[in-house]
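With my numbering, the residue at position 135 of the sequence shown is 287, and numbering never jumps.
Think of the CB as a built atom: it goes at the ideal place given N, C-alpha and C, for glycine as much as any other residue.
One structure is given here, and the rest of the page talks about it.
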Amino acid sequence: MAIKKYLFWGILAGIVIWLTVSRLLKEATSSPGGGNRGGGGNAPMMIKAKIIKPQTLANKIQSTGSVIANEEVELRSEVSGRVVRVYFREGSIINKHDLLIKINDAELTAQLERAESKRKLAESNEVRQRGLFEKNLASQNDYDIALNELNVAKADIELIKAQISKTEIRAPFNGMIGLKYVSEGSYITPTTRIASLQNMDAIKLDFSIPEKYSGAVRVGDDIEYRIEGSDKLYKGKVFAVEPKIELATRTLQLRAISTQIDQRVLPGAFANITLILRDIPGALMIPTEALMPELKSQRVYVYKSGTAVSQKVETGIRTDVDVQITSGIAPNDTIIITGLMQLRNGLPVRISDLIQ
């Protein structure tokens, strides 16, 4: 009987203790300062924020491209034939009109000599017929035939000379010639590669930018570029813009030129390019982490009177750490930059760190 009595009072004491502890815990979690979970009680959530001030934005676009020579050509022959002489040395500097390759023209030379003989005979016949015609001893038709034969003979000579000139491959411009792919005695055709010729008086760069910037770029805009594997910074200017958008990539093709000559910069090299556009005054820039992307829009949280207000925004230029806001916020707005995943519209918040 005594054991049952002690057991009863033990259970009763346990229930009282449990109720007391539960009440104390409830009061602790509901009291001010009892926690700062978003929506877990009446305490505002602690956040960091930044006051957005207008600033001048250096409008730059990052891109990649390729280096090309100022002028470049693959040397090939217009006619087929056997190479009788190679006049250039690989890797040498050559001048415009320098003779590079001579193809066998023995047959054409013989044809030229025969055509010259025909021309002389036609000239003599034309002179004789003209004299007879002037004395009314020959008809107009006889003289016209003689004159036509002379003109045909002259045209034949010019045709053969043109064919002979095609057996001489000359440099179309000043530059450095590359490796040769033919030797004396080689039989070449118009598809045979002879050598490449590069003019490096200037460097050109081909690159592209997104379609949305097509209205901002102009001929004469500055660029800066670095070649892959080098930290040296080179400068140039845009000198040509493709007048259409590439449908496959939705980009605009540009070509820049640089007169900074460096033997380390070779055609075909990969280049990291910065296109420098006109500065944008009064730009509103927010930290990238303050932007919340959604399916078809983007939002930020603005601090207003102790609450977080969700605001839809439109963006512009991005940098490594900031993004331009073109609509949705105003100068001197306070943008929340931490705790975005726990925020909701109208949630009470308190600023623990304000970045000016």
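In the structure shown, what three-state DSSP assignment does residue i receive?
i           : result
residue 190 : Here residue 190 scores only 45 on pLDDT, less than 50, and its place in the model should not be relied on; the value that follows carries that caveat. Three-state DSSP puts residue 190 in coil, outside helix and strand.
residue 226 : strand
residue 340 : strand
residue 496 : coil
residue 426 : strand
residue 364 : helix
residue 303 : helix
residue 351 : strand
residue 455 : strand
residue 481 : coil
residue 436 : strand
residue 243 : coil
residue 332 : coil
Where does residue i land, buried or exposed, given buried means 16+ other C-beta within 10 angstroms?
i           : result
residue 496 : exposed
residue 437 : buried
residue 379 : buried
residue 257 : buried
residue 151 : The structure shown does not extend to residue 151, since the chain is modelled only from 153 to 508, so the question has no answer here.
residue 319 : buried
Between residue i and chain C, is any beta-carbon pair separated by less than 8 Å?
i           : result
residue 407 : The structure shown contains no chain C, having only a single protein chain.
Closer than 8 Å by C-beta to residue i: which residues in its own chain qualify, once you throw out the five before and the five after it? Chain order, please.
i           : result
residue 218 : 357, 358, 359, 420, 421, 422 and 423
residue 476 : 209, 432, 435, 436, 437, 467, 468, 469 and 470
Spatial neighbours of residue i within its chain, please: CB distance less than 6 Å, with the 5 preceding and 5 following residues excluded, ordered by chain position.
i           : result
residue 501 : 196, 197, 199 and 460
residue 348 : 226 and 330
residue 278 : 298, 299 and 302
residue 449 : 464
residue 202 : 487, 489 and 507
residue 328 : 245 and 350
Please list, in chain order, all residues of the same chain as residue i whose beta carbon is under 7 Å from its beta carbon, the five residues on each side excluded.
i           : result
residue 478 : 466, 467 and 468
residue 483 : 204, 205, 206 and 436
residue 275 : 302
List the whole-angstrom C-beta distance separating residue i from residue j, where the pair is believed to meet the contact cut-off of C-beta under 8 Å.
i           : j           : result
residue 305 : residue 262 : Not confirmed; about 16 Å, so no contact.
residue 216 : residue 425 : 6 Å
residue 366 : residue 388 : Not a contact, Cβ separation roughly 20 Å.
residue 399 : residue 444 : Incorrect: roughly 32 Å between the Cβ atoms, too far for contact.
residue 375 : residue 428 : 7 Å
Three CB pairs or more closer than 8 Å across the region 455-468 and the region 226-241: Because the criterion of three Cβ pairs below 8 Å is not met, the region 455-468 and the region 226-241 do not touch.
Touch test, the region 295-313 against the region 203-214, Cβ-Cβ under 8 Å, three pairs minimum: No: the two stretches stay apart, fewer than three of their Cβ pairs being nearer than 8 Å.
The region 391-405 contacting the region 240-250, beta-carbon criterion three pairs below 8 Å: No, because fewer than three Cβ pairs between the region 391-405 and the region 240-250 fall closer than 8 Å, the two stretches do not touch.
Segment contact, 8 Å Cβ cut-off, at least three pairs: the region 334-345 with the region 231-243: yes
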